[in-house]
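Before any comments, here is the structure.
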Amino acid sequence: MTKKERYKEVLRWFEVNMPQAETELHYDTPFHLLIAVILSAQCTDKRVNMVTPPLFESFPTPEVMAASSVEDVYEYIKSISYPNNKAKNLVKMAQKVVADFGGEIPSTSEELESIPGVGRKTANVMLIVAFGKPAMPVDTHVFRVSNRIGLTDNSKNPLETERELLKYIPSKLLSKAHHWLILHGRYVCIARKPKCLECGINAWCKYYSAK
Numbered sequence: 005m006t007k008k009e010r011y012k013e014v015l016r017w018f019e020v021n022m023p024q025a026e027t028e029l030h031y032d033t034p035f036h037l038l039i040a041v042i043l044s045a046q047c048t049d050k051r052v053n054m055v056t057p058p059l060f061e062s063f064p065t066p067e068v069m070a071a072s073s074v075e076d077v078y079e080y081i082k083s084i085s086y087p088n089n090k091a092k093n094l095v096k097m098a099q100k101v102v103a104d105f106g107g108e109i110p111s112t113s114e115e116l117e118s119i120p121g122v123g124r125k126t127a128n129v130m131l132i133v134a135f136g137k138p139a140m141p142v143d144t145h146v147f148r149v150s151n152r153i154g155l156t157d158n159s160k161n162p163l164e165t166e167r168e169l170l171k172y173i174p175s176k177l178l179s180k181a182h183h184w185l186i187l188h189g190r191y192v193c194i195a196r197k198p199k200c201l202e203c204g205i206n207a208w209c210k211y212y213s214a215k
């Protein structure tokens, strides 16, 4: 099986069996989505969704958060992983958005990555989820699943994975494909013991065929 054939079959299966795929983070504005994505680093979406309702209510806009103290923000997110660093980044993020972007979350990768706490993956998430632009964020799930099933050839880092996925996945499917791979990695192709017998794409999986 060629790589092109593998991509075709895997994407076809997901289109049929998971026609709707989107982020599991809860949000109502691009600003709140950015907060949630920053908080989700090395933390589960479930935990993030537990703490964000009161956080969003208290900090409805970048202006409000920019004028707040790190200590104030910390109190809302102290059950999240690395709350001290994330509280600092959230306040700096809000201040940058207010000072440089007029309180609006920017919609280009370069501008997003200029914001404290926002790296390439977070910027790409914002592009596809908030602004509907073609991008391929690579988190631990996307990285692991892509290598395991054979969409990538043992890529050594997220950037290699991103470039290869962008090469083979049609731009119109990138947003869905990102979430397909995340959800597949989160619930089926899990890290320690993948549920291969329950997997709908095992017929095209390099890992499964080698077992």
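For what it's worth, my numbering labels the leading residue of the sequence shown as 5, then goes sequentially.
Where is the CB? At the ideal position from N, CA and C, for every residue including glycine.
Small disclaimer: the values here were computed from a predicted structure and weren't measured.
Pairing Ile109 with Phe18 gives a Cβ-Cβ distance that is not under 7 Å. Here the segment 78 to 86 makes no contact with the segment 111 to 129; the two share fewer than three CB pairs at distances below 8 Å. About 4 Å separates the beta carbon of Ala98 from that of Pro66, a gap short enough to meet the 8 Å contact definition. Within a 10 Å sphere around the beta-carbon of Arg10 sit 16 or more other beta-carbons, which makes this residue buried. Each residue's CA atom was taken as its position, placing Gly204 and Glu28 some 21 Å apart. Around the beta-carbon of Tyr191, fewer than 16 other beta-carbon atoms lie within 10 Å, marking it exposed. CA-to-CA, the gap between His183 and Ile42 works out to about 17 Å. In this structure, the beta-carbon distance from Asn93 to Gly121 falls below 7 Å.
Beyond the five residues adjoining it in sequence on each side, Ala139 comes within less than 6 Å, by CB distance, of Asn128, Leu131 and Ile132 in the same chain, given in chain order.
When C-beta atoms of the segment 140 to 150 are compared with those of the segment 185 to 201, three or more pairs fall below 8 Å, so the two segments count as touching.
Our two residues, Lys7 and Pro198, have alpha carbons roughly 21 Å apart in a direct line. Within its own chain, the residues whose Cβ lies closer than 7 Å to the Cβ of Gly107, once the five positions on either side in sequence are excluded, are Thr65, Pro66, Glu67 and Val101, listed in chain order. Per DSSP, the continuous alpha helix (DSSP H) segment holding Met69 begins and ends at Pro66 to Ala70. The three-state reading of DSSP puts Arg167 in helix, counting H, G and I together. Just so you know, the alpha carbons of Pro162 and Phe63 end up roughly 32 Å apart.
In the structure shown, Arg148 falls within a helical segment according to DSSP collapsed to helix, strand and coil.
Judged by DSSP in its simplified three-state form, Lys176 adopts helix. Rounded to the nearest whole angstrom, the C-alpha separation of Asp157 and Ala71 is 47 Å. By the beta-carbon neighbour count (other beta carbons within 10 angstroms, threshold 16), Asp143 is buried. Look at Ile119 here: in three-state DSSP terms it is coil, with no helix or strand label.
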